[in-house]
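Heads up: the protein sequence lines correspond to chains A and B, in order.
For the first sequence, this note's numbering begins at 4 and goes up steadily by one.
For the second sequence, this note's numbering begins at 1404 and goes up steadily by one.
Note that CB positions come from ideal geometry on N, CA and C, so glycine has one too.
The block underneath contains the structure these notes are about, expressed in structure tokens.
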Amino acid sequence: MIASVPKIGHIGFGELKMGMVARVCEVDENCLESRRLQELGFTLGTEFSVVKVAPLGDPIEIDVRGYRICLRRQECECIGIEIV
Amino acid sequence: MVTASASAGKSASALASKLSSGPVIQTRPVANRTLRVAVVGNPNAGKTTLYNALTGSSQHVGNYPGVTVEKVTGKLKLASRTVECIDIPGLYSLNAVSADEKVATEVIRPRSDEAPDLFVYVLDATNLERNLFLYSQIAEFGFPVVIALTMSDRLGPQDRSVSAKLLASSLGVDVVPVVAFKDKGIDELKAAIERNLDSPRIPVIALDVPAEIAAEIKILGDRLSRAGIDASLAEIRSDLLAPVEATRLFVPDFPEMWDAFQESRHRLLDANLLRPSIDTQARYQWARGIQDGAVKKPLTMLPRPKSRTDKIDQILTHRVFGLLIFTAVMYLVFQSIYTFATPVMDLIDEGFTRLKQGVANVVPPGDFQSLLVDGVINGIGSALVFLPQILILFFFISVLEGTGYLARAAFLMDRLLGWCGLNGRAFIPLLSSFACAIPGVMAARVMPDPRSRLATILVAPLMSCSARLPVYLLLISTFVEPQLGPAWAGFALFAMHLLGLVIAIPISWILNRRVIKGKRLPFALELPPYQWPKWRDVVLAMYGRGKTFVITAGTIIAVMSVIIWSLSYYPRSGNHAADTPAQQEHQLEQSFLGRAGKAIEPVFLPAGFDWRISTAILSAFPARETVVPSLGIIFSLGSDSDETSVDLRQKLREATWPDGRKLFNPWVAAGLMVFFALCAQCMATLAAVKRETNSWKWPLFMFVYMTTLAYVGAVIIYQTARLLGQV
């Protein structure tokens, strides 16, 4: 995964809770998951909010660029996010 | 590992220079063929509804991402001519990830033989940014494009309204607002298509990329044109920045250019600019600009206020009520299939019985009459009787899909299916497999991840398809209902359907750990806003599925029935016709099939099956729907028996071993049902798996593992019964 200096507000996808707003601050150029997430709209600097968490804690429903997408927390670890 | 940070992205765009991609193909060679129009767009953009409105062709439609999995063509009637219309599977990006997207990318590639003369791009007005991302990729190819602006009816007065005029002027192509299910805007769209076929408008698109990249693209462009290769700047950029060989558009076709590309790549790498994210970023930045120009009110701040869909979701995806409602919906679906299908099935059954009588009256008795009546008509009839169930199931699937509920069901089920290597999307193929594994196996193309897709294909036939139903109904009504009552009979039926699902979970876990190799892709499931189902789409989906099924029944199943018929009919025991039940039984016993059944009896003894049951099992390997007619022949009734036949039930209850013990009891019946629930008895499914996986390895693997599982299951049940002193 991406090695990075912990920043203020830096957070993992695993820690996202319902209602939180976060921003993409790092992307992994070589990983397929990261590329697909960017194509879905999670480019650097994009803000999104967590709308809902599925009954068993995963996946999570996200509002990004005005549409809704469900993602698994673990599969999003290839992009770095920070709390807004 | 190369990473980028937000600040680096900003400084790069500060250096950016405008890079405009000119059209590659101004005048396409007009071949001696029908003109081709391709309908393309994101999943959930309303593409299939539009396609149905344009062509009236049969297509599956829905909110569930990626539901269009087959290449579908239809005829599009314009004012002065008829053109071919291709439905391209919904996709998010031309950097293909799923099997669907690969199909689409192949068609869209500028140098493809399949390349259309015009694109109709379906643009969802409620989701402009992401929809424009794919548009930006297609626009760069230099094909003429007409935009169909969908979903604008869903933007209420308080909502953001999208101006088609402003969009048209900023994109440089025709933009036609449509409400496809009401046929609004369709005539205008057809007129625009016709206009663009005569005098095409080719989109021009300008993306912001860093100056260094623009310089490299120019260098490469010059070298390519000196080498006589016709390539757009967009194609060069795409190939230059693409991290994976497979996603490159034309470099693989021109090995002499590899070195030039490598040199440029090295220079960019040194400057930390060889980043595919720059391309994505530039497209979204462009899309944002176009959106802001065309929309009256921009998006509200995050987190956004609750929409109508959110309020519905508060109940439908609630952690308790959501799961309860999901279970109730599934129960309702299956209950309806049984309740509503039965009267129609009885009618079909009666029709085929009359047909058989009619043919028997016309054709003189003998081999040929038997071939027609017992082989062909009987075989096709025993398959066609499931048509009502298939239609009802697809009615529900397409309604649930059309409303957006199926995506929610996948959201709820993902964790449950996810840990074993499947994902929430496996839910559709698995649900379809309850009607028939063939559409189920085909529906697995909705899964972008090849590993999950293969796992889903391999477990889909474990779901109890409708062809297993007659065996369940026969055995339950013979051995469960008389002793335990209708409530338990209903429960037994439910349990048999649950069995496949329960077994599928550990099986796919093992498959994912031990059998299937390769990388897993992320799960990304779109949750579209709720909407009313579009009835034309529902009807067309049912029609399409029904047609496919009838064709299968008329071909594969007919052939298989003839084979089984000849194995049970030959060699003849004597010159006389087998008229009495005793003669028929004798005939069967010494037929090829009966002999095989006897030979294999020792294998099935630990499961408590005698040679007659073994013969029935053997006869059902090509297609399991033949098993009830086979049991009918074997237990001396003639072949016009079905699962409701009182005589057959009576015979089964009375059947004994040579030593006088009863052959059947509830345990043996349960063992037989479990065997049928788990066994791979369907040639057509194996053929579909071969087609989908493009290898004989997986159908063979499926056959071996399912048959082993079935055998072990039946043996366990019988041996448990023996330990408990029940047999």
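- Task: Establish whether the CB of I86 of chain A and some CB of chain B are separated by less than 9 Å.
- Result: The sequence position of residue 86 of chain A within the first sequence is 83, counting from 1. Cβ-Cβ to chain B under 9 Å: no for I86 of chain A.
- Item | Alpha-carbon spacing of F2038 of chain B relative to T1806 of chain B, whole angstroms | Your numbering for residue 2038 of chain B matches position 635 in the second sequence. Your numbering for residue 1806 of chain B matches position 403 in the second sequence. Each residue's alpha carbon lies about 48 Å from the other.
- Message: On the DSSP letters alone, give me the boundaries of the beta strand (DSSP E) that F1664 of chain B sits inside.
- Response: Position 261 of the second sequence, counting from 1, holds the residue named residue 1664 of chain B. That residue, F1664 of chain B, is in no beta strand (DSSP E); its alpha helix (DSSP H) goes 1661-1673.
- Taking only beta-carbon positions, decide if F16 of chain A is within less than 9 Å of chain B. On the first sequence, residue 16 of chain A is found 13 positions in, with the first residue counted as 1. So, not an interface residue.
- Any residues in the stretch 1785-1813 of chain B with a beta carbon nearer than 7 Å to a beta carbon of chain A? Which ones, in chain order? none
- Could you name the residues of chain D that I72 of chain A contacts, counting a contact when the two beta carbons are closer than 8 Å? Structure shown: chain D not included; protein chains present are A and B.
- Query: Is T2059 of chain B helix, strand or coil when you go by DSSP?
  - Reply: Residue mapping note: residue 2059 of chain B aligns to position 656 of the second sequence, counting from 1. Of the three classes helix, strand and coil, the one that applies to T2059 of chain B here is strand, per DSSP.
- Query: Given A2080 of chain B, which residues of its chain have a CB within under 7 Å of its CB, disregarding the five upstream and five downstream residues?
  - Reply: Looking up residue 2080 of chain B in the second sequence gives position 677. The answer, listed in chain order, is S1867, R1871, M1899, L1902, G1903.
- Item | DSSP bridge partner residues for F51 of chain A (one or two, in chain order) | Numbered from 1 along the first sequence, position 48 holds the residue referred to as residue 51 of chain A. Per DSSP, A:A25, A:V67.
- Query: Looking only at DSSP bridge pairs, what is T1485 of chain B linked to?
  - Reply: For the purposes of this step, residue 1485 of chain B is taken as the residue at position 82 of the second sequence. According to DSSP, T1485 of chain B bridges with B:K1480.
- Item | D1586 of chain B (DSSP reduced to helix, strand or coil) | Numbered from its first residue, the second sequence carries residue 1586 of chain B at position 183. Three-state DSSP puts D1586 of chain B in coil, outside helix and strand.
- Query: Around the Cβ of P1842 of chain B, are there at least 16 other Cβ atoms within 10 angstroms (buried) or fewer (exposed)?
  - Reply: Locating residue 1842 of chain B in the second sequence gives position 439, counting from the first residue. Looking at its Cβ environment, which holds 16 or more other Cβ atoms inside 10 Å, P1842 of chain B is buried.
- Query: Is DSSP giving G83 of chain A helix, strand or coil here?
  - Reply: Along the first sequence, read from residue 1 onward, the residue named residue 83 of chain A stands at position 80. G83 of chain A falls in the strand class under three-state DSSP.
- Query: Are any of the Cβ atoms in chain B nearer than 9 Å to that of K55 of chain A?
  - Reply: Walking along the first sequence from the start, residue 55 of chain A turns up at place 52. Yes, K55 of chain A counts as interfacial toward chain B.
- Query: Are at least three pairs of beta-carbons, each pair with one atom in the stretch 2053-2071 of chain B and one in the stretch 1905-1918 of chain B, less than 8 Å apart?
  - Reply: no
- Rounded to a whole number of angstroms, what is the C-alpha to C-alpha distance between E50 of chain A and R26 of chain A? For this step, residue 50 of chain A is matched to residue 47 along the first sequence. For this step, residue 26 of chain A is matched to residue 23 along the first sequence. Cα-Cα distance, rounded: 4 Å.
- Query: Alpha carbon to alpha carbon, what distance is there between L1750 of chain B and S37 of chain A?
  - Reply: The residue given as residue 37 of chain A occupies position 34 in the first sequence. The residue given as residue 1750 of chain B occupies position 347 in the second sequence. Rounded to the nearest angstrom, the two C-alpha atoms are 56 Å apart.
- Query: By how many angstroms is the C-alpha of M1850 of chain B removed from the C-alpha of Q1886 of chain B?
  - Reply: As a working mapping, residue 1886 of chain B is identified with position 483 in the second sequence. As a working mapping, residue 1850 of chain B is identified with position 447 in the second sequence. Cα to Cα, Q1886 of chain B sits roughly 45 Å from M1850 of chain B.
- Task: Would you list the residues sitting across from P1364 of chain B in a DSSP beta bridge?
- Result: Summary: the structure shown does not reach residue 1364 of chain B, with chain B confined to residues 1404 through 2130, and so no result is reported for it.
- Query: Quick one: what's F1522 of chain B bridged to in DSSP?
  - Reply: By one-based count along the second sequence, residue 1522 of chain B stands at place 119. In the DSSP output, where bridge partners are listed per residue, F1522 of chain B has B:A1441, B:V1548.
- Does any C-beta atom of chain A lie closer than 9 Å to the C-beta of F1536 of chain B? Along the second sequence, one-based indexing puts residue 1536 of chain B at 133. Chain A contact via Cβ: present.
- Query: What in chain B is Cβ-close to L19 of chain A, meaning under 8 Å?
  - Reply: Taking the first sequence and counting its residues from 1, the one referred to as residue 19 of chain A is at position 16. Here the premise fails: no neighbours, minimum Cβ distance about 12 Å.
- Query: Does DSSP put S1940 of chain B in a helix, in a strand, or in coil?
  - Reply: In the second sequence, residue 1940 of chain B corresponds to position 537, counting from 1. Note on identity: in this sequence residue 1940 of chain B is Asp, with Ser being the wrong assignment. It is helical.
- Item | For A1927 of chain B and I82 of chain A, believed in contact at Cβ under 8 Å, the rounded distance | The residue given as residue 82 of chain A occupies position 79 in the first sequence. The residue given as residue 1927 of chain B occupies position 524 in the second sequence. With 8 Å as the limit, I82 of chain A and A1927 of chain B do not qualify as a contact, their Cβ atoms being about 13 Å apart.
- By Cβ distance, which residues of its chain are closer than 8 Å to F1743 of chain B, with the 5 residues on each side in sequence left out? Looking up residue 1743 of chain B in the second sequence gives position 340. So the qualifying residues of the chain are P1791, I1795.
- Item | Proximity to S1969 of chain B [Cα-Cα], best of B:P1492, B:G1769, B:G1444 | Locating residue 1969 of chain B in the second sequence gives position 566, where the first residue counts as 1. If we check each option's Cα against that of S1969 of chain B, B:G1769 comes out closest.
- Any idea what DSSP makes of I1913 of chain B, helix, strand or coil? Residue mapping note: residue 1913 of chain B aligns to position 510 of the second sequence, counting from 1. I1913 of chain B: helix per DSSP, three-state reduction.
- Does the beta-carbon distance from S1869 of chain B to F1837 of chain B come in below 9 Å? If you number the second sequence from 1, residue 1869 of chain B lands on position 466. If you number the second sequence from 1, residue 1837 of chain B lands on position 434. Contact flag set, yes.
- Whole-angstrom distance between I1693 of chain B and G1493 of chain B, CA atom to CA atom: On the second sequence, position 90 is the one that residue 1493 of chain B refers to. On the second sequence, position 290 is the one that residue 1693 of chain B refers to. Roughly 22 Å between the two C-alpha positions.
- Task: Find out if the Cβ-Cβ distance for the pair V1565 of chain B, L1558 of chain B is shorter than 9 Å.
- Result: Taking the second sequence and counting its residues from 1, one reaches residue 1565 of chain B at position 162. Taking the second sequence and counting its residues from 1, one reaches residue 1558 of chain B at position 155. Cβ atoms of V1565 of chain B and L1558 of chain B: closer than 9 Å.
- Task: Can you check DSSP and say which residues form a bridge with K2065 of chain B?
- Result: For the purposes of this step, residue 2065 of chain B is taken as the residue at position 662 of the second sequence. According to DSSP, K2065 of chain B bridges with B:T2059.
- Query: Between the C-alpha atoms of Y1973 of chain B and G1997 of chain B, what's the straight-line distance to the nearest angstrom?
  - Reply: For the purposes of this step, residue 1973 of chain B is taken as residue 570 along the second sequence, with counting starting at 1. For the purposes of this step, residue 1997 of chain B is taken as residue 594 along the second sequence, with counting starting at 1. Distance between the alpha carbons of Y1973 of chain B and G1997 of chain B: 10 Å.
- Task: Could you tell me whether the stretch 1665-1685 of chain B touches the stretch 1608-1618 of chain B, where touching means 3 or more Cβ pairs closer than 8 Å?
- Result: yes
- Task: Assign V30 of chain A to buried or exposed, taking buried as 16 or more other Cβ atoms, counted over all protein chains shown, within 10 Å of its Cβ.
- Result: Locating residue 30 of chain A in the first sequence gives position 27, counting from the first residue. So V30 of chain A ends up on the buried side.
- Item | Per-residue contacts from R1722 of chain B into chain A (C-beta, under 7 Å) | Position 319 of the second sequence, counting from 1, holds the residue named residue 1722 of chain B. Residues of chain A passing the Cβ test: P58.
- Message: Suppose only complete runs of 4+ residues qualify. What are the alpha helix (DSSP H) ranges in the stretch 1980-2037 of chain B, listed by chain order?
- Response: 1984-1993, 1995-2007, 2014-2022, 2030-2037
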